[in-house]
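In my numbering, the protein residues as written are 103 to 541. Note sheet for the following structure.
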């Protein structure tokens with residue numbers, strides 16, 4: 103006999119309360135459906151660790167287009183089983199695999215859930231396998247962001263068991279190129295931006311921030327924009343350097359500008375890294391912007407120098423101010439030199455702190471209180487990287503860091519705390535339900 107959803111929910115609640123009285127008593131602020139969600143997440147813990155292992159063992163480096171699609175198929179089947187309409191948005195025109203978009207229509211307010219399918223570990227990486235050691239697991243992308251994807255699925259399954267998914271209006275957008283976005287950005291992030299404009303709330307499932315042993319909430323992230331600085335000078339015998347005819351050469355001009363950035367730009371939440379540089383006669387940056395070549399002699403004044411780096415700011419206003427000040431520094435040329443600073447328009451916008459984001463954290467802390475968990479303070483945005491949430495944060499209240507807790511993201515040995523899956527999925531299930539269904 104197949105039980106109706108409300109009958110199944112009642113059975114799950116009864117069993118959970120009978121088997122876990124201590125947990126239930128610590129969650130006295132929860133409604134009956136919320137208790138079902140909490141206990142369903144706990145009961146399905148091993149199921150979702152197995153799913154995490156399956157996803158992690160499928161390589162989905164951004165440039166492994168078939169691998170990204172394969173992860174999308176597995177996740178898509180999970181969402182279809184929950185009643186979602188699942189679509190694959192091909193991104194061949196940007197040189198990437200595509201994005202998974204799943205929608206579940208309901209009478210409630212729309213809640214957008216954001217994550218990504220790709221990782222930084224391509225098929226040639228030696229780091230390819232999920233390994234569990236007790237309550238920790240190591241693997242490529244296990245936390246960033248396959249752990250976040252599993253949190254989403256665990257939370258939605260708990261909502262289905264409790265009956266709250268039926269009326270909830272939920273959109274899931276999982277990009278396939280978060281780690282190395284395709285170009286142009288207006289196409290690569292077109293569908294995510296549209297989903298953000300249609301949403302009432304947005305929740306991003308990158309890794310959970312923890313500081314001094316305490317979970318923290320992500321209400322802000324900084325932008326990420328790349329820049330290229332190219333300088334030129336008159337070349338000739340080094341005996342004439344600093345003179346009226348030859349001037350200072352390209353390398354001194356490049357050094358002047360970079361040191362000017364170091365001395366004149368500092369302000370809270372603003373960073374401007376130099377990632378690669380070279381100078382000589384000649385010096386050149388490759389088309390991809392990752393490699394430089396240079397040659398020269400000690401007795402020849404450098405003709406060309408180049409540097410490439412990034413700029414990260416907390417708000418659009420801060421980034422605009424920094425760009426203006428950088429250009430002013432560039433303009434103060436040494437004698438007989440030239441310089442040009444170019445910002446790449448394709449970059450991650452900031453997820454600026456605002457009252458809407460803080461209200462979402464306050465609502466999450468209401469969930470924490472009812473679950474018997476500690477309240478979460480705001481996490482310092484200077485300690486977080488850019489994320490896809492930046493593309494929607496200007497249009498909708500956004501909360502980030504709802505994925506699993508872990509360490510070593512983007513490096514061999516990346517790991518997660520498997521116990522964090524439980525509390526993160528419990529938080530998410532209850533928060534999504536409250537956001538969508540409560541007035």
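Glycine included, each C-beta is placed from N, C-alpha and C at the ideal position. Note that the coordinates shown come from a computational prediction; the quantities given were computed from them, not determined experimentally.
* Asked: Can you list, in chain order, the stretches of the alpha helix (DSSP H) that have 4 or more residues and sit fully within the segment 456-521?
  -> 457-473
* Please classify residue 339: is it buried, with 16 or more other beta-carbons within 10 angstroms of its beta-carbon, or exposed? => exposed
* Is the CB of residue 519 under 7 angstroms away from at least one CB in chain B? -> In the structure shown, chain B cannot be found, because there is only a single protein chain.
* Please name the residue or residues paired with residue 322 in a DSSP beta bridge. => None, per the DSSP bridge assignment.
* Cβ-based burial, residue 321 [other Cβ within 10 Å; buried from 16] -> buried
* Taking all protein chains shown into account, decide if residue 516 is buried (16 or more other Cβ within 10 angstroms of its Cβ) or exposed. => buried
* Asked: What's the C-alpha gap between residue 307 and residue 397?
  -> 46 angstroms
* Asked: Is it the case that the Cβ atoms of residue 331 and residue 413 are separated by a distance below 7 angstroms?
  -> no
* To do: Please classify residue 271: is it buried, with 16 or more other beta-carbons within 10 angstroms of its beta-carbon, or exposed?
  => buried
* Asked: Roughly how many angstroms separate the alpha carbons of residue 498 and residue 189, rounded to a whole number?
  -> 23 angstroms
* To do: Give a yes or no on whether the C-beta atoms belonging to residue 255 and residue 180 are separated by under 7 angstroms.
  => yes
* Asked: In angstroms, rounded to a whole number, what distance separates the CA positions of residue 274 and residue 205?
  -> 6 angstroms
* Asked: Where does residue 218 fall in DSSP's three states?
  -> strand
* Taking the CB atoms as reference points, tell me whether residue 176 and residue 219 lie closer together than 7 angstroms. => no
* **6 angstroms CB neighbourhood of residue 186 in its chain, flanking five on each side removed** => 204, 206
* residue 147 - containing alpha helix (DSSP H), residue span -> 147-159
* Asked: When DSSP labels each residue in this structure, what does residue 313 get in the three-state scheme?
  -> strand
* DSSP state of residue 303, grouped into three classes? -> strand
* To do: Determine which residues share a DSSP beta bridge with residue 374 and list them.
  => 413
* If you pair each beta-carbon of the segment 410-424 with each one of the segment 436-455, do three or more pairs fall below 8 angstroms? -> yes
* DSSP beta-bridge partners for residue 330? -> 410, 444
* Roughly how many angstroms lie between the CA atoms of residue 503 and residue 247, to the nearest whole one? -> 11 angstroms
* Take residue 257 and list the residues in its own chain whose beta-carbon comes closer than 6 angstroms to its own, dropping the five residues that flank it on each side. => 527, 530, 531
* Asked: Do you know whose CA, among 370, 395, 440, lies nearest residue 483's CA?
  -> 370
* Tell me whether residue 450 sits in a helix, a strand or coil according to DSSP, three-state version. => strand
* Under the rule that 16 or more other beta-carbon atoms within 10 Å means buried, what is residue 123, buried or exposed? -> Because the pLDDT of residue 123 is 39, which lies under 50, any placement of that residue in the model is unreliable, and the number read from its coordinates should be weighed accordingly. Classification of residue 123: exposed, given that the 10 Å Cβ count is below 16.
* State whether the segment 360-375 contacts the segment 420-433, with contact taken as three or more CB pairs (one from each stretch) at a distance under 8 angstroms. => yes
* Asked: With distances taken from CA atoms, which of 511, 505, 166, 479 is nearest residue 544?
  -> In the structure displayed, the chain extends from 103 to 541; residue 544 sits before or after that span and is not available.
* Quick one: what's got a C-beta closer than 6 angstroms to residue 125's C-beta in the same chain, skipping five residues either side? -> Low confidence applies here, because residue 125 scores a pLDDT of 43, under 50, leaving its location unreliable; read the following figure in that light. Taken in chain order, the list of residues that qualify is empty.
* To do: Mind checking which residues open and close the beta strand (DSSP E) that includes residue 385?
  => 385-387
* To do: Report the three-state DSSP secondary structure of residue 277 (helix, strand or coil).
  => strand
* To do: Can you have a look at residue 266 and say buried or exposed, based on whether 16 or more other CB atoms are within 10 angstroms of its CB?
  => buried
* Asked: With distances taken between CB atoms, is the gap from residue 457 to residue 492 smaller than 7 angstroms?
  -> no
* Asked: Alpha carbon to alpha carbon, what distance is there between residue 388 and residue 436?
  -> 26 angstroms
* Excluding sequence positions up to five away, which residues of its chain have a Cβ less than 6 angstroms from the Cβ of residue 455? -> 321, 322
* To do: Using a threshold of 7 angstroms, state whether the C-beta atoms of residue 162 and residue 221 are closer than that.
  => yes
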